[in-house]
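In the numbering used here, the protein residues as written are 29 to 159.
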């Protein structure tokens, strides 16, 4: 399904966000609405090796449905086109300029990403995209 969307560098921002969302949800096995939909940008931490190569990420859910907090550590895959870590990094880099006016606790995924009124995404929207 998502492989046919195109290469990561050719995707428009809205499709990049949706592909990243799907890959991260599958990799973490987290609930779309209560976990992924509330995931904050500040809670994504990338790891690099000594040469500066991206090797993994840790994502933290501050208020998941079933516990106080939880985290997932994901390693990078050889295939960048299906790698949740690389997509997450690329998405974060591609949206940095849209986040300056947002509150510190804004969500990782964004609503109105193609408009001038970018905001934190609704968890319901995330759940609907996953369906």
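Cβ atoms here follow ideal geometry from the backbone N, Cα and C, with glycine treated the same way.
Decide if the region 91-101 is in contact with the region 52-60; the criterion is three or more beta carbon pairs, one per stretch, under 8 Å apart. yes
Cβ pair count under 8 Å reaching 3, the region 34-54 against the region 129-149: yes
Neighbourhood of residue 149 by C-beta, 8 Å cutoff - its chain only, sequence neighbours within 5 removed: Here residue 149 has 65, 135, 137, 138 and 139 as same chain residues with Cβ atoms under 8 Å from its own Cβ, once five neighbours each way along the sequence are excluded.
Inside the region 31-55 only - alpha helix (DSSP H) runs reaching at least 4 residues: none
If residue 62 and residue 92 are in contact, beta carbons under 8 Å, what's the gap, nearest whole angstrom? 6 Å
Of the residues 124, 87, 78 and 129, the one placed nearest residue 17, counting alpha carbons only: Here the chain has residues from 29 to 159 only, and residue 17 is not among them.
Helix, strand or coil: how does DSSP classify residue 131 here? coil
By a C-beta neighbour count over all protein chains shown, 10 Å radius and 16 as the cutoff for buried, is residue 67 buried or exposed? buried
Among the residues of its own chain, which have a CB less than 8 Å from the CB of residue 84, if the five just before and after it don't count? Listed in chain order, the non-local C-beta contacts of residue 84 below 8 Å within the same chain comprise 74, 75, 101, 102, 103, 104 and 113, local neighbours out to five positions each way being set aside.
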